[in-house]
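Protein chains: 2
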Amino acid sequence: MTNTETQRRDGPLAGVRVVDLTHMLAGPYSTWLLGALGADVIKIERPGRGDFTRVIAPFSDDESIYFMSVNRNKRSLTLNLKEEKGKEIFRRIVATSDVLVENNRAGTMDRLGLGYGDLKPVNPKLVYASISGFGQDGPYRHRPCFDVVAQAMSGMMSITGEPGGQPARVGASIGDIGSSLFATIGILSALQKRAATGEGSFIDVAMLDCQLALMENAIARYLNAGDVPRALGSRHPLIAPFQSFPTADKPIAVCVDTNEQWERLVGAMGLQHLLADPRFLTGSLRNAHHAELEPLLIPVFAGRSRDEWLERLEAADVPSSPINSVADALVDPQVVHRGMVVEVPPNSGKRFAAVPIHMQGAPLAAEAPAPRLGEHTDAILAELGFAAADIEALRSAAVV
Amino acid sequence: MTNTETQRRDGPLAGVRVVDLTHMLAGPYSTWLLGALGADVIKIERPGRGDFTRVIAPFSDDESIYFMSVNRNKRSLTLNLKEEKGKEIFRRIVATSDVLVENNRAGTMDRLGLGYGDLKPVNPKLVYASISGFGQDGPYRHRPCFDVVAQAMSGMMSITGEPGGQPARVGASIGDIGSSLFATIGILSALQKRAATGEGSFIDVAMLDCQLALMENAIARYLNAGDVPRALGSRHPLIAPFQSFPTADKPIAVCVDTNEQWERLVGAMGLQHLLADPRFLTGSLRNAHHAELEPLLIPVFAGRSRDEWLERLEAADVPSSPINSVADALVDPQVVHRGMVVEVPPNSGKRFAAVPIHMQGAPLAAEAPAPRLGEHTDAILAELGFAAADIEALRSAAVV
């Protein structure tokens, strides 16, 4: 199955066309979602080379797993944007599209003559979204950025890891994906505005900015209460107990927020006498005294196995969880029930994390596999009106 | 300044009305964004108590910093949804609204008679979004969930922290905020579909599902290549060098992805002889041999200060960064230039992380401060046509 047949896709964004000039992760994750939600996404790649992630190991059937995961639901067109003929074809696609997404370094699109100012006359209704490390302006605008740079510069690493230990990178690429999600929100908002006013927009989203937005609580605390937030292991900075604890075998995560939950927790633990302890009367007091509270809980948790505690805490309606590995998580009955693993295409054995948005009234289409480099070049050029001989000539001239 | 005057807000979502039945973080972060993008957000709170986070310390001028950060750009209406009169007022607001967002436990809204099935007849165009820990179906649908439970159950903690150490919680509440962002994308997609078809939708987003979607790379690797992903400290699982290194004083983060960047890095480090080393010829080889590569880089990094390396690596166009604290990050020249700290209201001294979406052609309104409990009750009831005496009677009856 190629994506060609699914070009008119179901889903809430059916009928929206996206020109996708993204590579690596921050951009492709955004256009993966737009495609999953029903948009027709045309991924434009450099002839012969394509997205750099196509060569990142490990591979499955010769295709990069990294690339396959975030380039589902797209069609691939190779196009040389340094050639005038390539730019001309590009502008024809832009003229019939709703959205353009790119995550080149700031200034690159302008140098190609394909910046927002260049393309707005081609399509005044275009929503043009630029995702970059640091944004389209400011002293770092021309600097390169990858995930761990955004995590490091923003302070995200400084609040992740063991107290007093090395700052840890968030294990998922939140430096990239944070910007993907905010850019997608910007794009969809701009489409909403366009539906009301008929006007397009330019959207500028920076990986660094998005990390700060994710850290809103740490930032608000620092700016308005003064403490510099730091890494706390598994512990929440404001709520206690809200962390992992060892048990007789494997650790569990336990969260108590309201006083009602606190009562249920101490009931389940046989520690009802703590209810009268003035140090633990409210959530804020429990957090202020967490260093005195933890030594009272730890020996009790150590007295039973994790699974005994999970059963007991579930019965007491206290939020709790095992600390799962990725392998554990994917066989969890709830994860299985929710269909969070999807095989694309069906019966291929290739499995990925699914779209985490369930919609009634606008169900999503089945996901389509990531394209081979240039897989849809002929089909897309034919849609634009090129005859087979024209396409062959473009290919000979290395334009496509 | 109250929000009342800014009820018709600028921004791409101007004219969109949101009924906000959210509390804690996963829901409020989504409606914070919708409000920042221009929607009129009516936050409905329980009379006398309100959102539980109003009592979470620390406080500024008697208001919870936690609450203030994620409840900007909203109006607060107190309403007792267990009283028939409260439900009636609620349905009148729903009839004039575009979106409803709630993050109660699955089943709660149905028990109140305010589920999607109940409200669709009141407003067939309504986009009704439910954010929950585990989703609206499946064996865990009725379980409570907080951030660290979603991080623990999904495997996110298992891939964050030091190799062989304790699983670490991501220092920002990505368990909550991940779901906020996907729900916002679902809502905006549903509005796009409604503009095309006139039909509303029901959206079901689970915190657990969203963690898995953020972990797409770890999941795709495990399912298609077999290795169970684990915590790697600051290191990327597939790319090397892409991590932090000690220097003569403070650590830096350095990322090298393409061979061009690798050439520039070894040039800046005086290690050009590594270019011919067969273990390091490609990104995948460098990653496969990272344990042999690191000992070659570490002594060189140790020979100069962090700031010397940052200057040298910037000159070589190699992505790099200090490992900033939150305090460092907020005085970084790029962060300052981008306006990522916003004072709300102006000249109040109260400062927060700003919206990380810059839009040309649809600029955002200035942000409005989080409301006091019930601050806009009278104004909203007056908009619904209630006279002052009616409002007083509702207040006496503890309906509002």
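So the sequence lines, in the order shown, correspond to chains A and X.
Residue 286 in our numbering sits at position 286 of the first sequence; the count goes up by one each step and never skips.
Just remember that our numbering sits 1000 ahead of the position in the second sequence, which is counted from 1.
We put the CB at the ideal spot given by N, CA and C, even for glycine.
In chain A, which residues lie with their C-beta within 8 Å of the C-beta of Asp1110 (chain X)?
Those within 8 Å of Asp1110 (chain X) in chain A number zero; the least Cβ separation is about 14 Å.
Do Gly1161 (chain X) and Gly161 (chain A) count as a contact pair if the criterion is CB distance below 9 Å?
In contact: Gly161 (chain A) and Gly1161 (chain X) (Cβ atoms closer than 9 Å).
Any residues in the segment 281 to 312 of chain A with a beta carbon nearer than 8 Å to a beta carbon of chain X? Which ones, in chain order?
Cβ contacts with chain X come from Thr282, Gly283, Ser284, Asn287, Ala288.
Which value, in whole angstroms, describes the spacing of the CA atoms of Ala1268 (chain X) and Pro1356 (chain X)?
Taking the straight line from one Cα to the other gives about 33 Å.
Val1122 (chain X): which of X:Phe1386, X:Ser1130, X:Phe1090, X:Arg1009 sits nearest, CA to CA?
Among X:Phe1386, X:Ser1130, X:Phe1090, X:Arg1009, the Cα nearest to that of Val1122 (chain X) belongs to X:Phe1090.
Does the beta carbon of Asp209 (chain A) come closer than 9 Å to any beta carbon on chain X?
By this cut-off, Asp209 (chain A) is an interface position.
Please return the same chain residues whose Cβ sits closer than 7 Å to the Cβ of Ser1325 (chain X), not counting the five positions on each side in sequence.
Here the set comprises nothing.
Could you tell me whether any Cβ in chain X is nearer than 9 Å to the Cβ of Lys43 (chain A)?
Not closer than 9 Å to any Cβ of chain X, the Cβ of Lys43 (chain A) fails to qualify, so no.
Does Ile1391 (chain X) come within less than 9 Å of chain A when only Cβ atoms are used?
Taking Cβ atoms only, chain A never reaches closer than 9 Å to Ile1391 (chain X), which makes this a no.
Could you list which residues in chain A have their beta carbon closer than 9 Å to that of Ser1097 (chain X), in chain order?
What Ser1097 (chain X) touches in chain A: nothing, since even the nearest Cβ is about 15 Å away.
What number of angstroms, rounded off, separates the C-alpha of Leu274 (chain A) from the C-alpha of Val266 (chain A)?
When rounded, the distance between both Cα atoms is 7 Å.
Out of curiosity, what's the CA-to-CA distance linking His1289 (chain X) and Phe1280 (chain X)?
One C-alpha to the other measures close to 7 Å.
Is the closest heavy atom of the ligand SAH to the C-beta of Asp378 (chain A) under 8 Å?
No copy of the ligand SAH occurs in the structure displayed, which carries no ligand at all.
According to DSSP, is Gln243 (chain A) part of a helix, a strand, or is it coil?
Note: Gln243 (chain A) maps to strand in three-state DSSP.
Quick one: what does DSSP say Cys1145 (chain X) is sitting in, helix, strand or coil?
Reduced to three states, the DSSP call for Cys1145 (chain X) is coil.
Please name the residue or residues paired with Ser1130 (chain X) in a DSSP beta bridge.
For Ser1130 (chain X), which the question treats as bridged, DSSP gives the partners X:Glu1102, X:Asp1204.
Got a sec, what are the start and stop residues for the beta strand (DSSP E) Leu1077 (chain X) sits in?
Here the beta strand (DSSP E) through Leu1077 (chain X) covers 1075 to 1078.
So which residues of chain X does Met359 (chain A) contact, with C-beta pairs closer than 9 Å?
Here the neighbours are Gly1186, Ser1189, Ala1190, Lys1193, Ser1201, Phe1202, Ile1203, Asp1204.
How many angstroms separate the CA atom of Gly1015 (chain X) from the CA atom of Ala195 (chain A)?
Their Cα atoms are separated by approximately 12 Å.
Listing by chain order, which chain X residues have their CB less than 8 Å from the CB of Asn71 (chain A)?
Neighbours of Asn71 (chain A) on chain X: none; closest Cβ ~11 Å, over 8 Å.
Ala225 (chain A) touches chain X at which residues, Cβ-Cβ below 9 Å?
What Ala225 (chain A) touches in chain X: Ala1057, Pro1058, Phe1059, Ser1060, Ile1065.
Contact between the segment 236 to 254 of chain A and the segment 168 to 177 of chain A: three or more CB pairs below 8 Å?
Contact fails: fewer than three Cβ-Cβ distances are below 8 Å.
Could you give the residue range of the beta strand (DSSP E) that holds Arg17 (chain A)?
First-last of the beta strand (DSSP E) with Arg17 (chain A): 17 to 21.
Starting from Asp1051 (chain X), find everything on chain A with Cβ-Cβ shorter than 8 Å and list it in chain order.
The premise fails here: Asp1051 (chain X) is roughly 12 Å from chain A at the closest Cβ pair, so nothing lies under 8 Å.
Using a Cβ-Cβ distance cut-off of 9 Å, determine whether Pro12 (chain A) contacts chain X.
Closer than 9 Å: yes.
Please confirm whether Asp139 (chain A) has its beta-carbon closer than 9 Å to some beta-carbon of chain X.
Per the sequence shown, residue 139 (chain A) should be read as Pro rather than Asp. Taking Cβ atoms only, chain X reaches closer than 9 Å to Pro139 (chain A), which makes this a yes.
Check this for me: beta carbons of Ala368 (chain A) and Gly35 (chain A), under 9 Å apart or not?
Result yes, Cβ atoms of Ala368 (chain A) and Gly35 (chain A) sit closer than 9 Å.
9 Å is my cut-off, CB to CB: does Asp249 (chain A) come that close to chain X?
No, because no Cβ of chain X sits closer than 9 Å to the Cβ of Asp249 (chain A).
Quick one: measure Cβ to Cβ for Gly283 (chain A) and Asp317 (chain A), integer angstroms, because I've assumed they're closer than 8 Å.
Rounded, the Cβ-Cβ distance is 17 Å, inconsistent with contact.
Would you please verify whether the beta carbon of Thr1258 (chain X) is less than 9 Å from any beta carbon of chain A?
Yes - at least one Cβ of chain A is within 9 Å of the one on Thr1258 (chain X).
Using C-beta distances below 7 Å, list every residue in its chain close to Val1336 (chain X), excluding the 5 sequence neighbours before and after it, in chain order.
So the list is empty, once near-sequence residues are dropped.
Enumerate in chain order the residues of its own chain whose CB-to-CB distance from Pro167 (chain A) is below 6 Å, with the five nearest sequence positions on each side excluded.
Met157, Ser158, Gly161, listed in sequence order.
Determine which residues of the segment 1174 to 1185 of chain X have a Cβ less than 7 Å from any Cβ of chain A, and write them out in chain order.
If the cut-off is 7 Å between Cβ atoms, the segment 1174 to 1185 of chain X has Ile1174, Ile1177, Leu1181, Phe1182, Thr1184, Ile1185 near chain A.
Which whole-angstrom value describes the C-beta separation of Ile1249 (chain X) and Ser1201 (chain X), a residue pair presumed to lie in contact below a C-beta threshold of 8 Å?
Sequence inspection shows Asp at residue 1249 (chain X); the Ile mentioned does not correspond to that position. Between Ser1201 (chain X) and Asp1249 (chain X) the Cβ distance is about 54 Å, and since that is not below 8 Å, they are no contact.
Quick check on Lys82 (chain A) - is its C-beta less than 9 Å from some C-beta in chain X?
False, the Cβ-Cβ gap to chain X never drops below 9 Å.
Which one of X:Asp1390, X:Pro1322, X:Thr1184 has the shortest CA to CA distance from Ile1203 (chain X)?
Looking at the Cα atoms, X:Thr1184 is the closest of the given residues.
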